[in-house]
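From first to last, the protein sequence lines are chains A and B.
Offset between the first sequence (1-based) and this note's numbering: plus 27.
Offset between the second sequence (1-based) and this note's numbering: plus 60.
Glycine included, each C-beta is placed from N, C-alpha and C at the ideal position.
Only a predicted model underlies this, so the values are computations on that prediction, with no experimental measurement involved.
So the structure is just underneath, and the comments pick up after that.
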Amino acid sequence: MFTLKLFALAALVGLSMLSAAQEVESLDQKPFTVDPVHSTSIFRAHHFGAGMFYGRFNDVTGTIDIVEGLPEFAISVAIDSVDTNNEKLDGHLKSPDFFNSVEFPEMTFKSSSAKKIGDEKYEVVGEITLHGVTKPLTVVMAKTGQVTNRRGEMIGFETTFTLNRSDFGMTYGVESGALSDNIKVIVALEAGRK
Amino acid sequence: MNPVEVLQFVGLPVLIATGIVLLSWHFFSSKRIQPLGVIIAVGVSSIVAFALQEGLPSVPPTEKWHWLVLTVLIVFLLACLYPLFRAWDRLIVLQAIIAGIITAGCMQFPGQSGFFDRVSILLLVLFVSVGLRRLTLPPWHMYLAAWSVLAGLSILALQASFAKLAFFAGAMSAVSAAMFVLQLLKPRETKSVQVLFGVLIVGCAMCGAAYDPSRAVPLLAWFLPMVGISIAAIAYFLCKPKFQAVVSIATLEFCILFSVIWTFVQATPQDEMWP
Numbered sequence: 028m029f030t031l032k033l034f035a036l037a038a039l040v041g042l043s044m045l046s047a048a049q050e051v052e053s054l055d056q057k058p059f060t061v062d063p064v065h066s067t068s069i070f071r072a073h074h075f076g077a078g079m080f081y082g083r084f085n086d087v088t089g090t091i092d093i094v095e096g097l098p099e100f101a102i103s104v105a106i107d108s109v110d111t112n113n114e115k116l117d118g119h120l121k122s123p124d125f126f127n128s129v130e131f132p133e134m135t136f137k138s139s140s141a142k143k144i145g146d147e148k149y150e151v152v153g154e155i156t157l158h159g160v161t162k163p164l165t166v167v168m169a170k171t172g173q174v175t176n177r178r179g180e181m182i183g184f185e186t187t188f189t190l191n192r193s194d195f196g197m198t199y200g201v202e203s204g205a206l207s208d209n210i211k212v213i214v215a216l217e218a219g220r221k
Numbered sequence: 061m062n063p064v065e066v067l068q069f070v071g072l073p074v075l076i077a078t079g080i081v082l083l084s085w086h087f088f089s090s091k092r093i094q095p096l097g098v099i100i101a102v103g104v105s106s107i108v109a110f111a112l113q114e115g116l117p118s119v120p121p122t123e124k125w126h127w128l129v130l131t132v133l134i135v136f137l138l139a140c141l142y143p144l145f146r147a148w149d150r151l152i153v154l155q156a157i158i159a160g161i162i163t164a165g166c167m168q169f170p171g172q173s174g175f176f177d178r179v180s181i182l183l184l185v186l187f188v189s190v191g192l193r194r195l196t197l198p199p200w201h202m203y204l205a206a207w208s209v210l211a212g213l214s215i216l217a218l219q220a221s222f223a224k225l226a227f228f229a230g231a232m233s234a235v236s237a238a239m240f241v242l243q244l245l246k247p248r249e250t251k252s253v254q255v256l257f258g259v260l261i262v263g264c265a266m267c268g269a270a271y272d273p274s275r276a277v278p279l280l281a282w283f284l285p286m287v288g289i290s291i292a293a294i295a296y297f298l299c300k301p302k303f304q305a306v307v308s309i310a311t312l313e314f315c316i317l318f319s320v321i322w323t324f325v326q327a328t329p330q331d332e333m334w335p
């Protein structure tokens with residue numbers, strides 16, 4: 028009987044130590060690192076009020092941290108990675124007419140708070156910096172999945188939002204209606220940690 | 061880019077510059093202050109041409125190339141003073157050096173590496189301004205040269221996908237063309253305006269080169285029209301008086317055409333896609 032009690036006590040102590048260790052581990056866990064290969068940033072503009080014109084940024088980097096069950100984002104997009112499948116148009120988008128990639132090589136988003144608004148949906152508040160101008164931005168981030176496999180732990184998020192590029196000093200073609208002021212942006216992130 | 065935009069971005073500055081010169085014919089009749097008409101016309105129209113593209117820049121500007129218009133503004137205000145003081149009239153080189161120091165101090169470019177770049181800008185403004193002044197012996201000659209060089213830079217900027225700079229340089233080229241015509245219609249004293257053209261030409265070329273990291277336009281092509289002015293000025297003095305104007309302008313046009321053709325030849329052909 029005494030041996031059984033001793034064994035139960037030892038098991039209890041062992042379990043609590045394991046649990047404490049796990050808690051420490053979860054507190055110390057590294058943030059997820061965005062995988063640029065499987066992350067995408069797509070934008071859409073209305074061209075001359077006719078067709079919808081799409082482009083993408085190929086280099087999306089950053090981190091996603093989960094703090095108390097809520098995501099925190101620090102995302103960076105390299106402007107030079109803009110890709111419209113037309114070299115000359117890419118050059119124009121990089122020029123001071125639009126993004127001015129020489130002076131402002133990155134577009135960044137850093138979240139400051141998040142709240143759960145539904146099943147795997149979060150309202151994320153943060154600041155976007157584009158073309159040297161920083162503005163507050165609130166987006167709805169949908170968690171697209173979280174798995175653990177041979178690559179480690181992976182997590183995915185996706186959001187769609189719109190921006191007025193003139194708010195960021197990018198006015199070329201707005202007045203003439205050549206390219207819409209309103210730009211739809213889709214950002215899909217995949218991030219992992221080992 | 062459509063005809064309405066061209067009319068707005070190019071036509072308005074030309075209209076303003078022409079209006080100022082026509083008014084100056086009436087109000088600045090004294091030979092002493094005659095040069096003020098063109099100086100004010102070029103100065104005001106360059107600020108208007110820039111504002112039509114980017115609005116008036118903040119101080120300090122949010123983008124480095126916006127320093128171009130602030131530099132033009134300072135040199136313009138200074139150029140307005142020169143004709144008022146007899147002693148300054150003949151100090152062409154000193155006027156150019158002052159404009160060069162202002163440009164070298166004010167202008168900002170991405171990738172600017174300090175002292176060497178600033179000295180280069182000073183020397184370029186000096187050579188271009190003095191070169192243009194040397195071409196004024198028939199007075200319309202300078203306007204023709206400025207017209208060609210700025211038109212060439214406008215084409216290069218378009219090739220570098222920098223439409224706002226292309227419109228700005230194009231507008232100033234058209235203003236120079238208007239000054240050329242007005243000078244032919246009613247020849248007037250022409251002084252000190254060369255420093256304004258010098259800053260405009262050097263500023264546009266330097267901005268074009270600095271914001272073209274993919275080298276859609278070869279680096280040397282940006283500089284050749286500026287160098288062409290100095291070569292044209294030298295050619296002017298080497299020729300017999302009968303051929304001076306033709307030879308110097310032909311030399312300059314050759315340099316500009318060479319830059320433009322070289323740019324087109326080395327460009328990757330691709331469909332037009334201006335938004």
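Where does residue i fall in DSSP's three states?
| i | result |
| --- | --- |
| Met-197 of chain A | coil |
| Tyr-149 of chain A | strand |
| Phe-184 of chain A | strand |
| Glu-65 of chain B | helix |
| Glu-123 of chain B | coil |
| Gly-174 of chain B | coil |
| Val-64 of chain A | coil |
| Ser-140 of chain A | strand |
| Glu-130 of chain A | coil |
| Tyr-13 of chain B | In the structure displayed, chain B extends from 61 to 335; residue 13 of chain B sits before or after that span and is not available. |
| Leu-157 of chain A | strand |
| Phe-240 of chain B | helix |
| Leu-228 of chain A | Within the shown structure, residues of chain A are numbered from 28 to 221, placing residue 228 of chain A beyond reach of any answer. |
| Gly-89 of chain A | strand |
| Leu-195 of chain B | coil |
| Phe-145 of chain B | coil |
| Thr-135 of chain A | strand |
| Phe-59 of chain A | strand |
Residues of chain B with a CB under 9 Å from the CB of residue i: which are they?
| i | result |
| --- | --- |
| Glu-133 of chain A | Neighbours of Glu-133 of chain A on chain B: none; closest Cβ ~14 Å, over 9 Å. |
| Tyr-199 of chain A | Gln-113, Ala-223, Lys-224 and Pro-335 |
With burial defined as no fewer than 16 other Cβ atoms inside 10 Å of the residue's Cβ, what is the status of residue i: buried or exposed?
| i | result |
| --- | --- |
| Val-214 of chain A | buried |
| Ser-122 of chain A | buried |
| Asp-146 of chain A | exposed |
| Pro-285 of chain B | buried |
| Pro-228 of chain A | Residue 228 of chain A lies beyond the residue range present for chain A, which begins at 28 and ends at 221; the question has no answer from this structure. |
| Leu-141 of chain B | exposed |
| Met-79 of chain A | exposed |
| Asn-112 of chain A | exposed |
| Glu-202 of chain A | exposed |
| Arg-248 of chain B | buried |
| His-201 of chain B | buried |
| Ile-102 of chain A | buried |
| Arg-194 of chain B | buried |
| Phe-189 of chain B | A quick correction: the sequence has Ser, not Phe, at residue 189 of chain B. Looking at its Cβ environment, which holds 16 or more other Cβ atoms inside 10 Å, Ser-189 of chain B is buried. |
Would you give the residue range spanned by the beta strand (DSSP E) that residue i belongs to?
| i | result |
| --- | --- |
| Ala-169 of chain A | 160-176 |
| Pro-98 of chain A | 97-105 |
| Tyr-203 of chain B | Where Tyr-203 of chain B is concerned, there is no enclosing beta strand (DSSP E), although the alpha helix (DSSP H) it sits in stretches over 200-219. |
| Thr-78 of chain B | Careful: Thr-78 of chain B lies outside any beta strand (DSSP E), inside the alpha helix (DSSP H) at 72-87. |
| Phe-80 of chain A | 78-84 |
Starting from the beta carbon of residue i, find every residue of chain B whose beta carbon is closer than 8 Å, and list them in chain order.
| i | result |
| --- | --- |
| Asp-86 of chain A | Within chain B, no residue comes near Asp-86 of chain A; the closest Cβ sits about 16 Å away, beyond 8 Å. |
| Ser-203 of chain A | Asn-62, Val-64 and Glu-65 |
Where do the ends of the alpha helix (DSSP H) carrying residue i lie?
| i | result |
| --- | --- |
| Leu-317 of chain B | 304-326 |
| Val-212 of chain A | Looking at the DSSP string, Val-212 of chain A is not in any alpha helix (DSSP H); the run it does join, the beta strand (DSSP E), is 209-220. |
| Thr-163 of chain B | 152-166 |
| Phe-297 of chain B | 279-298 |
| Ile-99 of chain B | 95-114 |
| Lys-251 of chain B | Element bounds for Lys-251 of chain B: n/a, residue is neither H nor E. |
| Lys-121 of chain A | 114-121 |
Could you list which residues in chain A have their beta carbon closer than 8 Å to that of residue i, in chain order?
| i | result |
| --- | --- |
| Pro-170 of chain B | Val-129 and Glu-130 |
| Gln-125 of chain B | The sequence given here places Trp at residue 125 of chain B; Gln does not occur at that position. Here the neighbours are Pro-123. |
Since residue i meets chain A, which of its residues come closer than 7 Å, beta carbon to beta carbon?
| i | result |
| --- | --- |
| Pro-273 of chain B | Val-129 |
| Ala-276 of chain B | Gly-118 |
| Thr-122 of chain B | Gly-159 and Gly-196 |
Using a Cβ cut-off of 9 Å (strictly closer), state whether residue i contacts chain E.
| i | result |
| --- | --- |
| Ala-270 of chain B | Chain labels in this structure do not include chain E; the protein chains are A and B. |
Taking contact to mean 3 or more Cβ pairs, one atom from each stretch, closer than 8 Å, check whether the stretch 194-213 of chain A and the stretch 65-72 of chain A are in contact. Touching, per the Cβ criterion.
Could you tell me whether the stretch 114-122 of chain B touches the stretch 241-250 of chain B, using the rule of 3 or more Cβ pairs below 8 Å? With fewer than three CB-CB distances shorter than 8 Å, the stretch 114-122 of chain B does not count as touching the stretch 241-250 of chain B.
When the Cβ atoms of the stretch 184-199 of chain A are set against those of the stretch 56-65 of chain A, are three or more pairs found closer than 8 Å? no
Evaluate contact between the stretch 131-148 of chain A and the stretch 110-120 of chain A, counting only Cβ atoms and requiring at least three cross-stretch pairs below 8 Å. Segments in contact, no.
Any contact of the stretch 150-169 of chain B with the stretch 209-229 of chain B, i.e. 3+ C-beta pairs under 8 Å? In the pairwise beta carbon analysis, the stretch 150-169 of chain B is classified as not touching the stretch 209-229 of chain B: fewer than three pairs are separated by under 8 Å.
I want to know whether the stretch 262-272 of chain B touches the stretch 296-313 of chain B - three or more CB-CB distances under 8 Å. no
Three Cβ pairs or more, each shorter than 8 Å: is that satisfied between the stretch 250-268 of chain B and the stretch 291-304 of chain B? no
Given 8 Å, three or more beta-carbon pairs between the stretch 148-156 of chain B and the stretch 123-135 of chain B: With the cut-off at 8 Å, the stretch 148-156 of chain B and the stretch 123-135 of chain B do not touch.
Decide if the stretch 90-108 of chain B is in contact with the stretch 129-140 of chain B; the criterion is three or more beta carbon pairs, one per stretch, under 8 Å apart. yes
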